[in-house]
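Enquirer:
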Amino acid sequence: MMRVTSSDERRAESWAASGSTSRDENRTSGRATRESAIRATSQAACRAARRAANETAIQTSGIPSPDIWAGISADERAYRKRVLDDIARRVAEEGVHTAVPGDDRGRQFMPFAALKGYDDILRDSQEPAR
Numbered sequence: 001m002m003r004v005t006s007s008d009e010r011r012a013e014s015w016a017a018s019g020s021t022s023r024d025e026n027r028t029s030g031r032a033t034r035e036s037a038i039r040a041t042s043q044a045a046c047r048a049a050r051r052a053a054n055e056t057a058i059q060t061s062g063i064p065s066p067d068i069w070a071g072i073s074a075d076e077r078a079y080r081k082r083v084l085d086d087i088a089r090r091v092a093e094e095g096v097h098t099a100v101p102g103d104d105r106g107r108q109f110m111p112f113a114a115l116k117g118y119d120d121i122l123r124d125s126q127e128p129a130r
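The numbers in the UniProt record's numbering rise by one with no breaks, and the one at position 122 of the sequence shown is 122.
(1) Is residue 54 closer than 8 angstroms to residue 78 when the C-beta atoms are compared?
(2) Among 39, 49 and 88, which has the Cα closest to the Cα of residue 66?
(3) Going straight from the alpha carbon of residue 42 to that of residue 85, what length do you get?
(4) Taking the straight line between their C-alpha atoms, what separation do you get for residue 35 and residue 44?
(5) Can you give me the C-alpha to C-alpha distance between residue 57 and residue 33, rounded to a whole angstrom?
(6) Output needed for residue 63: all residues of its chain with C-beta closer than 8 angstroms, excluding positions within five of it in sequence on either side, in chain order.
(7) Among 49, 38, 82 and 59, which one has its Cα closest to the Cα of residue 96?
(8) Along the alpha helix (DSSP H) that carries residue 91, what are the first and last residues, could you check?
(9) Express the C-alpha separation of residue 40 and residue 81 in angstroms, rounding to a whole number.
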């Protein structure tokens with residue numbers, strides 16, 4: 001008479017027959033599981049630290065929330081949130097950017113310079129300081 005076995009019993013028998021019960025394999029498998037758990041914990045800690053740094057950057061630099069724009073679609077809100085999060089990430093990594101004048105450009109932005117009669121101001125600002 002043939003005995004009826006469940007699928008779990010058949011799986012256990014085939015696993016045992018394949019030789020997967022060796023002590024070394026079990027030890028290696030346990031180590032891999034521990035290393036995987038440690039790696040996952042470390043990645044979660046990095047994500048949490050990055051999130052905290054972004055939140056701090058948002059608060060210190062005054063980056064707005066996407067909620068300030070009323071009447072925009074969900075897609076547009078998600079896009080703006082991604083852009084603002086990217087700005088927050090850069091501020092968290094590099095700090096708040098401050099403009100520094102270069103030798104190849106003017107010392108300050110002068111929007112009135114395009115108006116007539118301000119040529120002498122432009123000329124004076126482009127001459128080297130003495």
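Backbone N, C-alpha and C define an ideal beta-carbon position, used for all residues, glycine too.
Quick caveat, the model's predicted, so the values are computed rather than measured.
Expert: According to the structure shown:
(1) no
(2) Answer by Cα proximity: 88.
(3) 22 angstroms
(4) 14 angstroms
(5) Roughly 36 angstroms separates the two Cα atoms.
(6) 57, 84, 87, 88 and 91
(7) 59
(8) Residue 91 -> alpha helix (DSSP H) spans 74-94.
(9) 26 angstroms
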